[in-house]
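Below is one structure, written out as structure tokens, with a few remarks after it.
Number of protein chains: 2
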Amino acid sequence: MSDRQKRFFLSEDEIPRQWYNIQADMVNKPLPMIDPRTHQPVKAEDLYRVFCEECVHQELNMTDRWIDIPEKVRDMYKFYRSTPLVRAYGLEEALGTPAHIYFKNESVSPVGSHKLNSAIAQAYYAKQQGIKSVTTETGAGQWGAALSYAASVFGLEAAVYQVKISYNQKPYRRNIMQTFGAQVTPSPSMSTRAGKDIINKNPNCQGSLGTAISEAVELCRTTENCRYTLGSVMNHVTLHQTIIGLEAEKQMRLAGEYPDIVIACFGGGSNFGGISFPFMRHNLSGEKHTRFIAAEPESCPKLTKGVFQYDFGDEAGYTPMIPMFTLGHEFMPANIHAGGLRYHGGGSVVSQLKKDGLMEAVDVQQIETFDAAMLFAKTEGIIPAPESAHAIAATIREAKRCVETGEEKVILFNLTGHGLIDMAAYDQYISGSLHNYATTEDEIHRFTDTLEQII
Amino acid sequence: MSDRQKRFFLSEDEIPRQWYNIQADMVNKPLPMIDPRTHQPVKAEDLYRVFCEECVHQELNMTDRWIDIPEKVRDMYKFYRSTPLVRAYGLEEALGTPAHIYFKNESVSPVGSHKLNSAIAQAYYAKQQGIKSVTTETGAGQWGAALSYAASVFGLEAAVYQVKISYNQKPYRRNIMQTFGAQVTPSPSMSTRAGKDIINKNPNCQGSLGTAISEAVELCRTTENCRYTLGSVMNHVTLHQTIIGLEAEKQMRLAGEYPDIVIACFGGGSNFGGISFPFMRHNLSGEKHTRFIAAEPESCPKLTKGVFQYDFGDEAGYTPMIPMFTLGHEFMPANIHAGGLRYHGGGSVVSQLKKDGLMEAVDVQQIETFDAAMLFAKTEGIIPAPESAHAIAATIREAKRCVETGEEKVILFNLTGHGLIDMAAYDQYISGSLHNYATTEDEIHRFTDTLEQII
């Protein structure tokens, strides 16, 4: 490991006071969400029963470039922000690359990931609106832990449906949610109609994110003064995550550099958009020509092998239809350790940007991501989350290209979280029992038979 | 949870350049270590085969108040230091106390605890001396993880003996050590004479810290260019930890306050000394009258119920005899979750200070520590390590006293680490299956029959 590393911080006063809403700057706006029954665009009022009003307004806001961060949310951000921007000298040296590698270290949040940036905002808006409880789903538990924390901050009850296999296999994050006072239920459960239907069909069902979403939405719809919250995919979630890129832009200025390439892992798109969009605005204005690369698992390749069309956000089809790069809402990704990337589609904004060629995507096999994670741990001293390791792997590919070309490219990636609660995955890697998973054409395209194609 | 919290940082330039050696200021110096065969004080040369020379000099240095921190060690400190000093408004509000509560958050280090402060220094000195490998023991694994990280930084091989029950029950920290490249062996093992003797006597032995120390020392003695390292107890370890208190002193100045009470959990004494000694020096000079409180488990009460006398540092009796408050080196503490506090004795400096009335000690039952940990998590958003929870419990006791007296006391405690890898303990607490353990007089005093009393 290197003994060199350089960290850049912002003072409290320099922490951004507004989020950046890229929808205002997009030439091709994202297509609207569609009501599956009427095939008409979803209106704000249609969403109020599920999401807080302020989140709905942000979701549909195509005009305001800057959205004020409420003072209370900023106060909570100060618990852990600014997060460090780090020059990764150790990784550079190990690769022998002339590239300058920086990462934004979101793992320093109290729950260990960037998810808190939106959880705080969503819980705050719920509280403001007089809501008493929030529901959500979670897989590995990063989002559920963040929402539980945020709900505790604002005195809301939180009910989290956790995919059953994760509930049983990864008890630590469940315990974290419970420590913050959340009610955690393994999904599918007997507490909802959606859950009962699935259990009746298959009593041993171990659950999926799509099923857990259906249960959380149903609980929200059947509970007074309750709203549903989401950890990615939606535009307002990505909006909240732009705090990452806005801070990074200021910190890169402290470092005297500007990124040639920005890289992030990709599940639903919120951390990718969060770090990318503030830089992408300078591409949209023609000032800069940064490349933006989304790194997704080869076993869940929505951007690299999916299709751009309307699809549901959940398995049961409770949500509106969303214009997305998708593998189909019934796609069952392999059981890779990067649970946060096991989602079938990308959000509407990111999907539009991908369609318009404003960003790139690469897919990475599981073992390559752990090769990258191990090298990063040994050179930079931080054990990354399996999700974040996808961004590291893509960064290493680009840095190696610089070895060949001799270019001193400036690469910035998002370290979304630490892997301290994912050590079982590292154990498998070290003991040689970790596998790659390929996605076959059959799996990817089987949804087109059942999905109503609107585009 | 409160939405108020205030954090204080130092700039890189303000990070202290020297450690504070309290031995120079003590009126009653600590008694020397004794060779058990000759009953003569141990000389520096006697220790060179086991410890690095620079560490031995620091251990025995009674004259130099300030010891320079090597530039390379400072460079590594900058990876995570300064650590935040935090005003815990949320905890204050929950207690309704007029006290001002601050904590030093050492959990932000890459391995999640303060242990890295000394691991980096010990690995650096080993490298400087041309040493090729280091050995150590670990229980729950905080120290082992820190040493593995530090050894990786300086290109040393690391061999860690981990108490067998922890090796099997807490695989995550073992995996962290392995991720940083360390060789981790469950103790007792067949790789040492000490281990074999114990296995022959009891094939199902689950190990103890004392046994693991014996194995690590034996491996060091039988290996060329190898030295043994230790995570607490010794004076040079505590010296390295004074970076905590020296930073805190500057940060308290930024907050415009000075502590009336400083509180830390107590295993061997290094985190306690680390945060306390820089403030205690103003007591020794007569300027200040701060109280210093060591919080230990009721199930391992060396300071509150032990005896001040010479004892061995390990079970097999490989070490010199150390003047310490001790429960006897064969004392077997109950299997509490705060594995880092399950050690029979305190270091010689801390023991002398306790004997001279310059500090206090309290003991806390396991359930009270988890009551405190849960309240802290819910009010400050950080899930503390079970060890750190002892300091939180003692802090809450003092803050509650201020409710009664109305005094606005300033209390500072050391948050040594986070509990993200100890969630199984929280699960037990939440599900009501956590127990208290009382220490009986029989257990405490049984060692006096077998221990040669030199004092």
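Residue numbers (the working numbering), protein chains in the order written: chain X, 1 to 455; chain H, 1001 to 1455.
Even glycine gets a Cβ: it sits at the ideal position worked out from N, Cα and C.
From X/G328 to H/G1339, what distance separates their C-alpha atoms?
48 Å
By DSSP, does H/P1041 sit in helix, in strand, or in coil?
strand
Give me the DSSP bridge partner(s) of X/H418.
X/P384
Drop a sphere of 10 angstroms on the beta-carbon of X/T439, count the other beta-carbons inside from all chains shown, and report buried for 16 or more, exposed for fewer.
buried
From the beta carbon of H/G1381, is the nearest beta carbon of chain X less than 9 Å away?
yes
Consult DSSP for H/L1412 and reduce its assignment to one of helix, strand or coil.
strand
Residues near H/G1231 in its chain [Cβ-Cβ closer than 6 Å; skip 5 each side]
K1115 and W1143
Could you give the C-beta distance for X/A399 and X/L85, rounded to a whole number, given that I count them as a contact under 8 Å?
Actually they do not touch by this definition, with Cβ atoms about 17 Å apart.
Are at least three pairs of beta-carbons, each pair with one atom in the segment 1098-1109 of chain H and one in the segment 1192-1199 of chain H, less than 8 Å apart?
Between the segment 1098-1109 of chain H and the segment 1192-1199 of chain H, the count of C-beta pairs closer than 8 Å stays below three; the two stretches do not touch.
Applying the criterion that 16 or more other CB atoms from any shown protein chain within 10 Å of the CB defines a buried residue, is X/T405 buried or exposed?
exposed
Applying a beta-carbon distance threshold of less than 8 Å, which residues of chain A neighbour H/G1112?
Absence of chain A from the displayed structure is noted, the protein chains being X and H.
Measuring alpha carbon to alpha carbon, tell me which of H/Y1167, H/I1165 and H/A1126 ends up nearest H/A1158.
H/A1126
Are the segment 1367-1384 of chain H and the segment 1248-1264 of chain H touching by the rule of at least three beta carbon pairs closer than 8 Å?
no
Kindly give me the distance between the Cβ atoms of H/I1034 and H/V1027, rounded to whole angstroms, as I take these residues to be in contact under 8 Å.
22 Å between Cβ atoms; not a contact.
For H/C1300, name the three-state secondary structure that DSSP assigns.
coil
Neighbour flag for H/A1158 against chain X, beta carbons, 9 Å:
no
Rounded to whole angstroms, what's the CA-CA distance from H/K1132 to H/A1123? Just pull it up for me.
10 Å
Secondary structure of H/P1278, DSSP reduced to three states:
helix
Note down the Cα distance separating X/Y149 from H/M1374, rounded to an integer number of angstroms.
12 Å
Measure the beta-carbon distance from X/C265 to X/H390 and round it to whole angstroms, keeping in mind my assumption that it falls under 8 Å.
4 Å
Proximal chain H residues relative to X/T440, where beta-carbon distance stays under 7 Å
Those within 7 Å of X/T440 in chain H number zero; the least Cβ separation is about 32 Å.
Rounding to the nearest angstrom, what Cα-Cα distance links X/T369 and X/P98 in this structure?
In a straight line, the C-alpha of X/T369 is about 22 Å away from that of X/P98.
As a quick exercise: from X/W19, X/A119, X/N204 and X/I244, pick the residue whose alpha carbon is nearest that of X/L10.
X/I244
Closest Cα partner of X/Y318 within the set X/G210, X/F292, X/L60 and X/E387:
When only C-alpha atoms are compared, the closest one is X/G210.
Which term fits X/P259, buried or exposed, when burial requires 16 or more other beta carbons within 10 angstroms of its beta carbon?
buried
Could you work out which residues of chain H lie near X/R4, taking near to mean beta carbons separated by less than 8 Å?
D1075
Which full runs of the alpha helix (DSSP H) of 4+ residues lie inside the segment 1109-1174 of chain H, going along the chain?
Counting whole runs of 4 or more residues, the segment 1109-1174 of chain H contains the alpha helix (DSSP H) stretches 1116-1128, 1142-1153 and 1164-1169.
Span of the beta strand (DSSP E) holding H/D1324?
Per the sequence shown, residue 1324 of chain H should be read as Met rather than Asp. Residues M1321 to T1326.
Could you tell me which chain H residues have their CB closer than 7 Å to the CB of X/F180, listed as they occur along the chain?
Neighbourhood of X/F180 in chain H, by CB distance below 7 Å: A1377 and K1378, in chain order.
Out of curiosity, what's the CA-to-CA distance linking X/K305 and X/S270?
20 Å
What is the C-beta distance between H/I1069 and H/W1019, in whole angstroms, given that I count them as a contact (C-beta under 8 Å)?
6 Å
Would you grab the beta carbon distance between X/R7 and X/E247 for me? Rounded to a whole angstrom, and I think it's under 8 Å.
With a Cβ gap of about 13 Å, X/R7 and X/E247 do not count as contacting.
Report the residue from H/Q1365, H/L1420, H/A1121 and H/S1285 whose alpha carbon sits nearest the alpha carbon of H/Q1241.
H/A1121
When the Cα atoms are used, what is the spatial distance from X/C52 to X/A372?
39 Å
Examine chain X for any beta-carbon lying closer than 9 Å to the beta-carbon of H/I1015, and answer yes or no.
Answer no: the Cβ-Cβ gap between H/I1015 and chain X never drops below 9 Å.
Quick check on H/I1367: buried or exposed, where buried means 16 or more other Cβ atoms within 10 Å of its Cβ?
exposed
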